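Visitor:
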Amino acid sequence: MIKGFGKDAAVTEEVFGLLKKTAHEMQIALPVSAFSYCEEGMQGVQTIAYEILEQKDSFDHIFCPAGGGGLTLAVARGCIAHSEQYSAKSPKVHCVQPEGNNTIAGALRNRRQQANAIAASTTLISGLQVPNVLDGDAVIESCTKLGGTGYIVTDQDVFKWQRLLAQEEGIFCEPAGAVALAGLANAVTGREVSAKDNMVCLVTGSGFKDMLSVDSNFGLPDLPLMNVAQLESNIRALR
586 MIKGFGKDAA VTEEVFGLLK KTAHEMQIAL PVSAFSYCEE GMQGVQTIAY EILEQKDSFD
646 HIFCPAGGGG LTLAVARGCI AHSEQYSAKS PKVHCVQPEG NNTIAGALRN RRQQANAIAA
706 STTLISGLQV PNVLDGDAVI ESCTKLGGTG YIVTDQDVFK WQRLLAQEEG IFCEPAGAVA
766 LAGLANAVTG REVSAKDNMV CLVTGSGFKD MLSVDSNFGL PDLPLMNVAQ LESNIRALR
């Protein structure tokens, strides 16, 4: 754990630079989920797009959560490659970011060609706190090519959808895993998708990765502790 990493742009850039230098000196790969640091590894992530597109004849939209943009770029490039290989229509790939880390989504929505670094990431969505650009420019290029756009969501909405996914669908994801669904909700509200469209939201990461968000946002009741006598009584009742 490094103070300011993932929140302060200068600290994050310095850490990534040190890691990249060290990996180069030791002649080892740097397993950071960004094409700008680990292109070979991230090419494997592109197979997510292939797996999605093999499930159905056609999809219209794929919503991806983004911090530095590596996952979104991988899915977009996978869709482009699949489309070129099979001469098939590709779904639109959309980049969804929390408003406290809007480095890519806003620029993509406003049809700008470059992502913008921010001084500090203020979102509470763990895993998407990346104030630096990383793969942002390439995300904008690839998503634009596919007709995708950007969606900016509030932390409050993300936590709401995380809770609803768990309580109503039995899908227990980390907050970052609910970001794509929050983006889809915004698209529905803005009438930017149709009820007839086939859509995919990437749900990334287990809820156990961030149990503090569960404690803070799920409104779970406190469980009373029992003594040994009560335990014995419960066991007798079961028998």
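Everything in the sequence shown is counted per the numbering used here, starting at 586 for the first residue and increasing by one. Backbone N, C-alpha and C define an ideal beta-carbon position, used for all residues, glycine too. This one's a predicted model, so the numbers in the text were calculated from it and none came from an experiment.
Under 9 Å between the Cβ atoms of Ala666 and Ile633?
Guide: Not in contact: Ala666 and Ile633 (Cβ atoms no closer than 9 Å).
Visitor: Kindly indicate which three-state DSSP category Met811 falls into: helix, strand or coil?
Guide: The answer is coil: DSSP assigns Met811 none of H, G, I, E or B.
Visitor: Thinking C-beta only, is Ser791 closer than 9 Å to Cys758?
Guide: A contact, by the Cβ cut-off of 9 Å.
Visitor: Any idea what DSSP makes of Ala705, helix, strand or coil?
Guide: Three-state DSSP puts Ala705 in a strand.
Visitor: Rounded to whole angstroms, what is the Cα-Cα separation between Gln815 and Ala822?
Guide: For Gln815 and Ala822, the distance between alpha carbons rounds to 10 Å.
Visitor: For Gln682, list the residues DSSP reports as bridge partners.
Guide: DSSP output for Gln682 lists Ile737 as bridge partner(s).
Visitor: In the DSSP assignment, find the unbroken beta strand (DSSP E) run with Phe648 in it and report its ends.
Guide: Where Phe648 is concerned, the enclosing beta strand (DSSP E) stretches over His646 to Pro650.
Visitor: In whole angstroms, what separates the C-alpha of Gly735 from that of Gln682?
Guide: If you take the alpha carbons of Gly735 and Gln682, they lie about 8 Å apart.
Visitor: Between the region 676-695 and the region 646-661, do at least 3 Cβ pairs fall closer than 8 Å?
Guide: A contact exists between the region 676-695 and the region 646-661.
Visitor: According to DSSP, simplified to helix, strand and coil, what is Ser672?
Guide: Ser672: coil per DSSP, three-state reduction.
Visitor: Taking the beta carbon of Ser643 as the centre, do at least 16 other beta carbons fall within 10 Å, making it buried, or is it exposed?
Guide: So Ser643 counts as exposed.
Visitor: From the DSSP secondary-structure annotation, give me the bridge partner or partners of Val785.
Guide: Val785 is bridged to Ile647.
Visitor: For Ile737 versus Ala700, is the C-beta distance shorter than 9 Å?
Guide: Contact: no.
Visitor: Need the endpoints of the alpha helix (DSSP H) that Leu713 sits in, please.
Guide: Where Leu713 is concerned, there is no enclosing alpha helix (DSSP H), given that its DSSP letter is neither H nor E.
Visitor: Indicate whether Ala619 and Leu719 have their beta-carbon atoms separated by less than 9 Å.
Guide: Yes, Cβ-Cβ distance for Ala619 and Leu719 is below 9 Å.
Visitor: Tell me, which residues are paired with Asp593 by DSSP?
Guide: In DSSP, Asp593 forms a bridge with Ala705.
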